[in-house]
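Numbering (the UniProt record's numbering), first residue to last: 1 to 443.
What follows is a single structure, written as structure tokens, with notes after it.
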Ligand SMILES: [Zn+2]
């Protein structure tokens, strides 16, 4: 089925309302301002019932519009309190309000839905709401958000959130946000989390499990299975120091709190969410083997979460920067210097026959390790060229000026240009497939 075509098919807007890499995701004609989600989850039966109230502003007159929503049974849709017609298939909830929404109007879409949450499957495996052995997790990058709530699923479509979630009492529920209320019911607990910073749908997350909540000092906490507390305390023992280092290099941590979740299941890769990172039990081994990943995920709070890519073509702005933070942490914590990491990875990439243009790697390669490593090498090349003082000033002002906004590679080029004539360097590293030589300082 062609996206955007159907009995109630919205005409694809001229406002680039879908993502170039994920054209089935994203919707035109409105901007979401706020999501108010009221969810009830039964762990044993893996059943989710939800009421979503989406507040949006029409950017054109709307006789119909759509939201992204996975395989739930939709029980009813109201627009500004009036019952609306809808169809729901192939991940699109298409809505025809009783009367058109006028251009510029702020309106509400009320969706009631229920069913078994099913992750969005595809080239990256199962993404989104997923069952754990005893609980659930949400890891939505890049396209899993519709697996648990109706949304405009584009990274640049950032909004605020209020999430109320009721789950069986023995379980701890951690949602990406600040806990503002907690209530006890009969056999249940209700948790209310507020996310006031603009947040991309893919960065919203829910973690449900039998977790101990552990204070990591200052603005950090963790949710950890009881039996893993000792090994966690060792492996994440430098979390405070890591936060101090990244704040010194990048500027203030962008959210009120950082929560580390360790699931009692193995996970392929850790994943970032807003003010949160999620690790599997396999990322603990009592030897800090995976500490570089802790630095990577923490760095995503600046690169990816506060500064969010306008669309997925710009993925290196997330992954190249987070990878470079691994090297920065290594240097600061007694490991190899960034120069050593850069030389090693440059030599490795030079042996690969495949070349990737990292400013637009293509959907097949957006999570290719080359994007991560060459992205980091680009930053290292820039740093070598301009020197530490200019490089870190450039980085900190990039973070400060785009705080809680969306960014593109061209924004970064424009920003870098203000500090030094580096257009040629960035073009060679970002836009051409050939791997440039690493610059030598002062040349
Ligand atoms: Zn990453």
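Glycine included, C-beta positions come from ideal geometry on N, C-alpha and C.
### Message
Along the chain, where does the alpha helix (DSSP H) containing residue 124 start, and where does it finish?
### Response
Here residue 124 belongs to no alpha helix (DSSP H), and DSSP marks it neither H nor E.
### Task
Per DSSP, which residues does residue 113 bridge with? Please list them.
Beta-bridge partners assigned by DSSP to residue 113: 50, 74.
### Query
For residue 323, which residues from the same chain have a beta carbon less than 8 Å from its beta carbon, with the 5 sequence-adjacent residues on both sides left out?
Around residue 323, the same chain offers 296, 372, 373, 375, 376 as residues with beta carbons nearer than 8 Å, after the five sequence neighbours per side are excluded.
### Message
Which same chain residues end up closer than 6 Å to residue 214 when comparing Cβ atoms and leaving out the 5 residues on each side of it in sequence?
### Response
222, 224, listed in sequence order.
### Query
Out of 403, 311, 422, 270, which has the shortest C-alpha to C-alpha gap to residue 20?
In terms of CA proximity to residue 20, 311 leads the group 403, 311, 422, 270.
### Query
Excluding the five sequence neighbours on either side, which residues of its own chain have a C-beta within less than 6 Å of the C-beta of residue 115, listed in chain order?
Excluding sequence neighbours, residue 115 sits near 72, 73.
### Query
Under 8 Å, do residue 342 and residue 438 count as touching if we go by C-beta distance?
Remark: C-beta atoms of residue 342 and residue 438 approach each other more closely than 8 Å.
### Message
Please report the distance separating the alpha-carbon of residue 15 from that of residue 29.
### Response
The predicted position of residue 15 is uncertain, since its pLDDT is 48 and thus under 50; no value can be drawn from it.
### Task
Note the first and the last residue of the continuous beta strand (DSSP E) segment covering residue 276.
DSSP places residue 276 inside the beta strand (DSSP E), whose first and last residues are 276-279.
### Query
For residue 139, is the beta carbon positioned less than 7 Å from some heavy atom of ligand 1?
Residue 139: no, Cβ never under 7 Å from ligand 1.
### Query
In three-state DSSP terms, what is residue 66?
It is a strand residue.
### Query
Since residue 151 and residue 35 are thought to touch, with beta carbons under 8 Å apart, how far apart are those beta carbons, to the nearest angstrom?
In this structure residue 151 touches residue 35 by the C-beta definition: roughly 7 Å separates them, less than 8 Å.
### Message
Using a Cβ-Cβ cutoff of less than 6 Å, which residues in the same chain neighbour residue 82 once the five nearest sequence positions on both sides are dropped?
### Response
These residues qualify, in order along the chain: 98.
### Query
Which residue's Cα is closest to the Cα of residue 238: 298, 276, 272?
Closest by alpha carbon: 298.
### Message
If I follow the unbroken alpha helix (DSSP H) through residue 30, where does it start and stop?
### Response
Per DSSP, residue 30 belongs to no alpha helix (DSSP H); it is in the beta strand (DSSP E), 30-42.
### Query
Is any heavy atom in ligand 1 found nearer than 7 Å to the beta carbon of residue 326?
Checking every heavy atom of ligand 1 against the Cβ of residue 326, none is found closer than 7 Å.
### Task
Counting only the same chain and skipping the five closest in sequence on each side, list residues whose C-beta sits under 6 Å from that of residue 177.
For residue 177, the CB contacts under 6 Å within the same chain, skipping 5 residues up- and downstream, are 193, 194, 195 in chain order.
#### Entry: Enclosing beta strand (DSSP E) for residue 446 [first to last residue]
Residue 446 lies beyond the residue range present for the chain, which begins at 1 and ends at 443; the question has no answer from this structure.
### Query
Does DSSP put residue 86 in a helix, in a strand, or in coil?
Strand at residue 86.
### Query
What residue does the alpha helix (DSSP H) around residue 247 start on, and which one ends it?
Segment 239-250, the alpha helix (DSSP H) holding residue 247.
### Task
May I ask you to report which of helix, strand or coil DSSP gives residue 149?
Judged by DSSP in its simplified three-state form, residue 149 adopts coil rather than helix or strand.
### Bridge partner(s) assigned by DSSP for residue 96
Bridge pairing for residue 96: 85 [DSSP].
### Query
Span of the alpha helix (DSSP H) holding residue 434?
Run containing residue 434: none; DSSP gives neither H nor E here.
### Message
For ligand 1, I want to know if residue 300 counts as a neighbour, meaning its beta carbon is within less than 7 Å of at least one of the ligand's heavy atoms.
### Response
Because some heavy atom of ligand 1 lies under 7 Å away, the Cβ of residue 300 counts as near it: yes.
### Query
Would you say the beta carbon of residue 322 comes nearer than 7 Å to a heavy atom of ligand 1?
It does: the Cβ of residue 322 is within 7 Å (strictly closer) of some heavy atom of ligand 1.
### Query
Among the residues of its own chain, which have a CB less than 8 Å from the CB of residue 26, if the five just before and after it don't count?
For residue 26, where only same-chain residues beyond five positions count, the Cβ hits under 8 Å are 17, 18, 19, 68, 152, 153, 154, 157.
### Task
Tell me, to the nearest whole angstrom, how far the beta carbon of residue 357 is from that of residue 264; I am working on the premise that it is less than 8 Å.
Wrong, their Cβ atoms sit about 40 Å apart, outside the cutoff.
#### Entry: residue 436 versus residue 428 - alpha carbon distance
Looking at the two C-alpha atoms, the distance is approximately 7 Å.
### Query
Does DSSP classify residue 320 as helix, strand or coil?
Note: residue 320 maps to helix in three-state DSSP.
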